[in-house]
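Note that the numbering used here has the sequence shown beginning at 56, numbered continuously upward.
We put the CB at the ideal spot given by N, CA and C, even for glycine.
Comments concern the structure below.
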Amino acid sequence: MTFRQAHWDEPLLMEKRSAPDVPIDVADLVPPKLRREGLAIPNLAEFDVVRHFTRLSQMNFGIDTGFYPLGSCTMKFNPKFTEELAALPTVARIHPDQDEATVQGALRLLYELQGILAKIAGMDAVTLQPAAGAQGEYTGLLLAAAYHRDRGETRNQVILPDTAHGTNFASAGMLGYDIVEIPSKDGRVDLKALESAAGDKTLAFMLTNPNTLGIFEEHVLEIADVVHAAGGLLYYDGANFNAILGRTSPGKMNFDIVHFNLHKTFTTPHGGGGPGAGPVGVKKALEPFLPVPLVSLNGRGYHLDYDRPKSIGKVRAWYGNFALLVRAYAYILRMGGDGLREVSDRAVLNANYVRHRLQGVLDVPFGGLRKHEFVASAASLTAKGIRTVDLAKRLMDFGYHPPTVYFPHLVEEALMIEPTETETKETLDAFVEALTKIVGEDPDVLRSAPQNTAVRRVDEVRAAREPILSARMARAAKAAPS
């Protein structure tokens, strides 16, 4: 399949020719102190606006346009039936300030989703409030701190393996905790290093299982024993939950806290800066500290329970991103228990199929089977002047979104590939064939890639140091001498 991305020399909306402003009488609508004489918004026809955003979308890449093997991000297809349900008036047009008696159906859905997620994870209670996985981590650490504080203990160390997601470090750091990073051994947690690190200052050990190498931490029960013996809590980063659905659960591995990434595991929309959802589940001992309100059921119906004196309080406005929660709820009901187990079966099968087919093309450090993803290395290609970034850029010319690159850091020239369960064998074969062809190409072709995309290779260092984040900045950049 050939690929060439659309390219439009599309101006900003602010740069388009605007029709004269149409006076609008707002005297009875807007208080005098809030009125403005004019708005810095162009007066454009509807078709101009539609064409503008359609053209921008044609210069972008999404899960609806092609294969998106972004390791550890689980970019799987978002089923459209959940979008239809989320657009229903009973979902889209209700307000969180409505009287509870008028939103009993919505509260019932939230109540049942709390229970479903708790059962899937092997936890005792769940809050739906956090707005994303990273905020779920932040919330989970607040819960751990509240638990220890209630016991009269002061603990300020969070232990992390060197395979941890970057948000684990960020969440612990934002809360002011001391971070203790421990090394891996053969791609897994080094138990002796953990034993040395765990102590009376350990707040929690944050672990992803399977880890970011796609390797299952088979000694997880021993890990739990070490952490609990030191008085700490075991935190499950749910980023890779997709690999174990229906097979096991964090509860069976003796985790105390878990956050879900509903976009990764239960197919809600992912990325683009849009709304997220990162529910958090806990074991019984931590339930009193969950954010308020929880959705409860009594003899009068479903209600929002604020009577929780040990709660850490709110972590965001309202009760969670409702439309995202509706999508996840619908997906889980549609799949059922057997369907969720098939999700993990296919995710693991697809990852290992691609890994096997790439033997002899790219090295995969640490032997053995993987779960939902694997990390290849392009280190052997550096002698030819080829780096991982070159492979990634060249894949774009074939219509594939690049895998995650240079993570985790313990693999040199890392390329993290996660096919997800939703891709077909034909797609996986075509991806492998493209990558195989790329590895054998002239290095100059790779270093000059991409050629077929709307935007050629950019100076990523400059983009990070001098980001253009507004229309005003974009106009200034255009006007500046090159």
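Output the distance between the C-alpha atoms of residue i and residue j, rounded to the nearest integer angstrom.
i	j	result
residue 147	residue 536	47 Å
residue 152	residue 314	27 Å
residue 156	residue 357	8 Å
residue 348	residue 248	39 Å
residue 132	residue 88	47 Å
residue 311	residue 474	30 Å
residue 457	residue 183	32 Å
residue 363	residue 269	39 Å
residue 171	residue 301	13 Å
residue 503	residue 409	26 Å
residue 285	residue 332	32 Å
residue 168	residue 91	44 Å
residue 58	residue 392	39 Å
residue 359	residue 175	23 Å
residue 437	residue 460	15 Å
residue 404	residue 101	47 Å
residue 181	residue 209	25 Å
residue 378	residue 417	41 Å
residue 532	residue 125	31 Å
residue 44	residue 215	The question about residue 44 has no answer here: the residues shown for the chain are numbered 56 through 537.
residue 234	residue 246	17 Å
residue 65	residue 425	44 Å
residue 355	residue 154	14 Å
residue 134	residue 287	40 Å
residue 336	residue 367	14 Å
residue 494	residue 419	15 Å
residue 538	residue 104	As shown, the chain starts at 56 and ends at 537. That puts residue 538 outside it, with no answer to give.
residue 193	residue 185	9 Å
residue 487	residue 496	14 Å
residue 292	residue 218	12 Å
residue 253	residue 430	28 Å
Determine the contact status of residue i and residue j, defining contact as a CB-CB distance below 8 Å.
i	j	result
residue 453	residue 489	yes
residue 229	residue 276	no
residue 469	residue 443	yes
residue 226	residue 299	no
residue 380	residue 140	no
residue 435	residue 466	no
residue 290	residue 231	no
residue 481	residue 402	no
residue 178	residue 338	yes
residue 440	residue 294	no
residue 190	residue 350	no
In this structure, does DSSP put residue i in helix, strand or coil?
i	result
residue 360	strand
residue 120	coil
residue 180	strand
residue 171	helix
residue 511	coil
residue 314	strand
residue 87	helix
residue 429	strand
residue 503	coil
residue 518	helix
residue 465	coil
residue 419	coil
residue 259	strand
residue 268	coil
residue 196	helix
residue 405	helix
residue 126	coil
residue 215	strand
residue 297	helix
residue 281	helix
residue 158	coil
residue 234	strand
residue 67	coil
residue 399	helix
residue 57	coil
Check the DSSP bridge columns for residue i and list the partner residues they point to.
i	result
residue 274	BP columns for residue 274 are empty, so no partner.
residue 292	314
residue 240	243
residue 373	375
residue 471	430 and 459
residue 353	356
residue 336	181 and 313
The ligand HEM and residue i: does the residue's C-beta get closer than 7 Å to at least one heavy atom of that ligand?
i	result
residue 232	Looking at this structure, you won't find the ligand HEM or any other ligand, since it has none at all.
Checking contacts by CB at 8 Å: is residue i closer than that to chain D?
i	result
residue 532	The question asks about chain D, but that chain is absent: this structure has only one protein chain.
* To do: Flag this pair as touching only if the segment 377–390 and the segment 310–329 have three or more C-beta atom pairs under 8 Å; answer yes or no.
  => With the cut-off at 8 Å, the segment 377–390 and the segment 310–329 touch.
* Using 8 Å as the Cβ pair cut-off and three pairs as the minimum, do the segment 519–528 and the segment 155–164 touch? -> Counting Cβ pairs under 8 Å, fewer than three are found: no touch.
* Counting Cβ pairs closer than 8 Å, one from the segment 193–200 and one from the segment 242–260, do we hit at least three? -> Contact between the segment 193–200 and the segment 242–260 is present: three or more C-beta pairs spanning the two stretches fall below 8 Å.
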